[in-house]
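Student: This structure is in structure tokens; I'll ask about it shortly.
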Amino acid sequence: MIIGIDVGGTHTDGVLLKRAADSDRRYIVVKTAKVHTERGNLLNSIFNILDRLTGTEEKRQIRRVVLSTTLAVNTILEEKYDPVALILIPGPGVNYESLKYGEENIILSAYINHRGKEVKGLSGNEIQEGLAYLSSRGIKNLAVVGKFSIRNPEQEKKVIEMARNSKYNFRAITAGHRLSGRLNFPRRVVTAYFNTAVTAIYEDFTRAVKEALEERGIEAGVFVLKCDGGTLPLDQSLQVPVQTVNSGPAASIMGTMALSRMKDRNDTAVVVDIGGTTTDIGLFIKGEPAFMPEGIEIDGCPTLVRGLFTVSIPIGGDSRIRIENGKLQIGPDRSGPAAAFGGPAPTPTDAFFILEHLHGNSAALSDHDIEASRRALSGLLGELDRREYRHNLGEYGRNKEGDILILARIIVELMTDKIVNRIRGILDRLQNRPVYTISELLRGAEIKPQTLLAMGGPAEVLLPLLAQKLQYRAELVPYPEVANAIGAAIASPTLTTTVRVDTASSYLDIVEEGIHRRLDAGEDYDLEEVEELARSWTRKRAKDENAEVEITEKE
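Our numbering applies: residue 3 is where the sequence shown begins, and numbers increase by one.
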């Protein structure tokens, strides 16, 4: 049996799957569960989901637990992380101002050249002064990035050693050379920044997962879903938590691919996962998910993290609604659950409940306080500028009940407009750039989706409205409330190995393994032999002699 868990900013979803009797590849859904995520107590959230999915008998049969999470991406989108400082070692020929990112930047004068040779050594005084300055600014989180550190990481390592041995108690520190084996200094800077930014919340997440599984007596391999739709052992993911930033959106893509049988359909479609905190948008082209081999964007900035093409926007069912200068604003923050569930502020979910009550959906009203939703929306009416919504308000002002109903409609209209406009913007942008799927580069491809696929708690309410505005065919993904957890559960491991041999200087780098050494006497390689070395090291790192290895780039 397999457990899939998706830890979102609002809800934690879970599924229990078992292998079908007639197939090694097909799984059957045994149980599903959904609980509220307690951000201050992730352990309790995971306890709750495990207890709903498993009894004594199931626990013995569980062989794998796979997790995905939107906690990291939500932390970035809501800007709820501590300040991060960058210590950069760029060398000559670089516009330093263009590299600066984040709260504070220290530029060191040392550098390594493109062959991995140290041209100018580090200055201890320069480093100490920089560390003292950052500490004086109250910064406890660092990223250290050298331009050619993947060809010689010693300067990065020395700076990190000095930071850790200093009196300043720095907490999270990222080494730029550990993030990717590919060159691209600006992308590496941004990737290192966000890796440090999400470290604290990711460490809390992994700690809670381990404690929960141990407490419940579940002995199984534990994996986390990465941005590329593949999995990684949980312990290994702690080294580079930024690889899981789009874990939740990737789970949505993987769930859609499996549950909607996209490969069999050869369909071009947009998929939206409407959560409580964010809405994740993905794209399928001819049945395959769009892919970003150079690296995903995080908060609009390109990184070195290879991944499925997804865009997360800070709007969801539990986004806080407020009035600013007479206008409705939805998100980007979330201050708690919907008012109907005891939350402190009105949300789109409250608007959904009011409209469901209008349509007599008694089943949807059984577990929440509709009067609390009405009171929350009523509190907005006094600040609303009627002139801004004169085309929507109709009989606004005739009676309070009617006003609340009109306001609920405006909120839903505004939310769907935000999602639709973002989808259109994404498609317009893709028309003018190369588009990749998992298997190929599509040059000059005309991307014209015909279908809108949706999942998530509010999907059933919003899907018809979104599809109508986009003029797409509407399709609800099976198991819409837990499809992302299913996507995580069925994913397979992936990893990347970068091997470089500099025959002129007789030097070998196997970057992700941390190997940087001189070639032994008589040791020599041509391109085919380097490819074989890459395959063998990939299988060794995967601990699978039969692992399928693909060479994605060579020169």
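Cβ atoms here follow ideal geometry from the backbone N, Cα and C, with glycine treated the same way.
Note that the structure is predicted; figures quoted are calculated from it, not measured.
Evaluate Y204 with the Cβ neighbour count: other Cβ atoms within 10 Å of its Cβ, from every protein chain shown; 16 or more gives buried, anything less gives exposed.
Tutor: Burial call: buried.
Student: For a quick check, are the C-beta atoms of A177 and V146 less than 8 Å apart?
Tutor: Closer than 8 Å, so yes.
Student: Ordered along the chain, which non-local residues of its own chain (more than five positions away) have a Cβ less than 8 Å from that of R377?
Tutor: A341, listed in sequence order.
Student: Which residue wins for smallest C-alpha separation from M256, given the options K542, D8, R519 and D546?
Tutor: If we check each option's Cα against that of M256, D8 comes out closest.
Student: Take V501 as the anchor and find which of E547, D24, N423 and E557 has the nearest alpha-carbon.
Tutor: Per the Cα distances, E557.
Student: Going straight from the alpha carbon of A292 to that of R263, what length do you get?
Tutor: Each residue's Cα considered, the two are about 16 Å apart.
Student: Would you mind stating whether S254 and G489 have Cβ atoms separated by less than 8 Å?
Tutor: A contact, by the Cβ cut-off of 8 Å.
Student: Span of the alpha helix (DSSP H) holding M259?
Tutor: Element bounds for M259: S249 to L261.
Student: Beta strand (DSSP E) containing G6: first to last residue?
Tutor: Element bounds for G6: I4 to V9.
Student: Just to confirm my understanding: we take T14, look at its own chain, exclude 5 residues before and 5 after, and list those with CB closer than 8 Å. What are they?
Tutor: If we look at T14 and ignore the five residues flanking it on each side, its Cβ neighbours are I7, D8, K36, V37, H38, T39, S47, I48, N50 and I51.
Student: Among the candidates V484, I298, F187 and G319, whose CA atom is the shortest distance from the CA of L69?
Tutor: The shortest Cα separation from L69 among V484, I298, F187 and G319 belongs to V484.
Student: How many angstroms separate the CA atom of T305 from the CA atom of R520?
Tutor: Spanning the two alpha carbons is a distance of roughly 30 Å.
Student: Does the stretch 218-235 come into contact with the stretch 93-100, if we say contact requires no fewer than three beta-carbon pairs (one atom in each stretch) closer than 8 Å?
Tutor: The stretch 218-235 is not in contact with the stretch 93-100.
Student: Is the beta carbon of E106 sitting closer than 8 Å to the one on I162?
Tutor: Not a contact, by the Cβ cut-off of 8 Å.
Student: Taking the beta carbon of E607 as the centre, do at least 16 other beta carbons fall within 10 Å, making it buried, or is it exposed?
Tutor: Outside the shown range of the chain, which is 3 to 557, sits residue 607, and nothing can be said about it.
Student: Around the C-beta of D546, are 16 or more other C-beta atoms found within 10 angstroms, so that it is buried, or is it exposed?
Tutor: Label assigned to D546: exposed.
Student: Please state whether the Cβ-Cβ distance between K228 and Q245 is less than 8 Å.
Tutor: Yes, these two residues count as a Cβ contact at 8 Å.
Student: Among N143, K102 and E156, which one has its Cα closest to the Cα of G123?
Tutor: It is E156 whose Cα lies nearest to the Cα of G123.
Student: Pick out whichever of E477, S508 and V32 has its Cα sitting closest to the Cα of T270.
Tutor: If we check each option's Cα against that of T270, E477 comes out closest.
Student: Give the DSSP-derived three-state secondary structure of A482 in the structure shown.
Tutor: One detail in the question is off: residue 482 reads as Pro in this sequence, not Ala. Correct three-state label for P482: coil.
Student: Does DSSP put P132 in a helix, a strand or coil?
Tutor: In the sequence as displayed, the identity of residue 132 is Gly instead of Pro. Helix.
Student: In angstroms with no decimal places, state the Cα-to-Cα distance between E555 and V226.
Tutor: Roughly 25 Å separates the two Cα atoms.
Student: Is I492 helix, strand or coil when you go by DSSP?
Tutor: Looking at I492 - three-state DSSP - the assignment turns out to be coil, as it is neither helix nor strand.
Student: Only counting the same chain, and skipping five residues up and downstream in sequence, which positions put a Cβ closer than 6 Å to that of V414?
Tutor: So the qualifying residues of the chain are A353.
Student: Excluding five sequence neighbours on each side, which residues of the same chain lie with their C-beta closer than 7 Å to the C-beta of A493?
Tutor: So the qualifying residues of the chain are V68, L227, G231, G232, T233 and M256.
Student: Spatial neighbours of R543 within its chain, please: CB distance less than 8 Å, with the 5 preceding and 5 following residues excluded, ordered by chain position.
Tutor: Cβ within range, chain order: L497, T499, E514 and E515.
Student: Given this structure, state the Cα-to-Cα distance separating T58 from R267, to the nearest angstrom.
Tutor: So the alpha carbons of these two residues sit roughly 40 Å apart.
Student: Output the distance between the C-alpha atoms of I412 and V313, rounded to the nearest integer angstrom.
Tutor: Approximately 25 Å, taken between the alpha carbons.
Student: Going by the beta-carbon positions, is the gap between T418 and L379 smaller than 8 Å?
Tutor: Their beta carbons are not under 8 Å apart, which means T418 does not touch L379 by this criterion.
Student: Under DSSP, the beta strand (DSSP E) around T281 begins and ends at which residues?
Tutor: Looking at the DSSP string, the run of the beta strand (DSSP E) that includes T281 is T281 to I287.
Student: Measuring only the C-alpha atoms, how far is L510 from Y113?
Tutor: Looking at the two C-alpha atoms, the distance is approximately 20 Å.
Student: Any beta-carbon of chain D closer than 8 Å to the one on G10?
Tutor: Looking for chain D here will not work: only one protein chain is present.
Student: Compare the Cα-Cα distances from I582 to each of L416, I425 and L383 and report the closest residue.
Tutor: Outside the modelled stretch of the chain, which goes from 3 to 557, sits residue 582, for which no answer is possible.
Student: So for R475, helix, strand or coil by DSSP?
Tutor: Strand.
Student: Can you give me the start and stop residues for the alpha helix (DSSP H) that R153 sits inside?
Tutor: Neither: R153 is in no alpha helix (DSSP H) and is coded neither H nor E.
Student: Tell me the rounded alpha-carbon separation between S337 and I356.
Tutor: So the alpha carbons of these two residues sit roughly 20 Å apart.
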